[in-house]
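Numbering (the numbering used here), first residue to last: 5 to 208.
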């Protein structure tokens, strides 16, 4: 007789959110805020040391402030954490923001901390990985690493503003990027003004 136990279909979807050492901590913060407001998602947060420094420099947010936004917080040095294993089922992972160092680690499979290890697991399990990369201009190493991650199935997502949204504030620009990223994970939200086509195009 089978001893298999039926798994509840009401389980929350899990998303890993990592924040690393690049300006743009607001993207990770806003993703966490949005998922908490929507409900139905369990967020697992990993913040690198440089990520924590940038969150403080950009927005005067401490690690404790960031931790309050997530359901579960993992130490970046804990490579034995739940999210380091493919048997721990998640809906995917977003690195927001993603430094060029983290991009390189992911591209080369160099799992030197929990961020790059978790990303490696996401790729090997063929789940969704999104990297909100923050750097400009880009050198050849950056571009090659982006190609490598893309060839492995990851999504490289620079936070490029969409001016067709006619955003009036930086906050609205941030929300648009966050909304587009959440779209990639199938999150239903109303964060963005979606393109409906050009209603009355001018004569050209």
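Each residue gets a CB set at the ideal place from its N, CA and C atoms; glycine is no exception. Predicted model, so just to flag it, every value in this text is computed and none were measured.
Residue 68 lies in the alpha helix (DSSP H); which residues open and close that run?
67-71
Could you give the first and the last residue of the continuous beta strand (DSSP E) run that contains residue 40?
Per DSSP, residue 40 belongs to no beta strand (DSSP E); it is in the alpha helix (DSSP H), 29-42.
Please work out which residues of its chain come closer than 7 Å, Cβ to Cβ, to residue 120, disregarding the five sequence neighbours upstream and downstream, and give them in chain order.
The residues are 106, 109, 110, 114.
Proximity below 9 Å, CB of residue 67 to CB of residue 47
no
If you drop the 5 nearest sequence neighbours on each side, which residues of the same chain put their C-beta closer than 6 Å to that of residue 125?
90
Taking the alpha-carbon positions, what's the residue 136 to residue 203 distance?
31 Å
Go ahead and label residue 148 buried or exposed: buried means 16 or more other beta carbons lie within 10 angstroms of its beta carbon, across all protein chains shown.
exposed
Give the range of the alpha helix (DSSP H) segment to which residue 137 is assigned.
Membership of residue 137 in any alpha helix (DSSP H) is not indicated; the residue belongs instead to the beta strand (DSSP E) covering 132-137.
Tell me residue 48's beta-bridge partners as DSSP assigns them.
Among the bridge pairs identified by DSSP, residue 48 is matched with 20, 76.
Distance, Cα to Cα, residue 143 vs residue 76?
35 Å
Is residue 50 near residue 85, with beta carbons less than 9 Å apart?
yes
Let me confirm a value: residue 161 is counted as buried when at least 16 other C-beta atoms fall within 10 Å, else exposed. Which label applies?
buried
Hey, quick one: how far does the beta strand (DSSP E) through residue 99 stretch, first residue to last?
Following the DSSP letters along the chain, one finds residue 99 inside the beta strand (DSSP E) bounded by residues 96-102.
Locate the alpha helix (DSSP H) running through residue 203, then write down its first and last residues.
Here residue 203 belongs to no alpha helix (DSSP H), and DSSP marks it neither H nor E.
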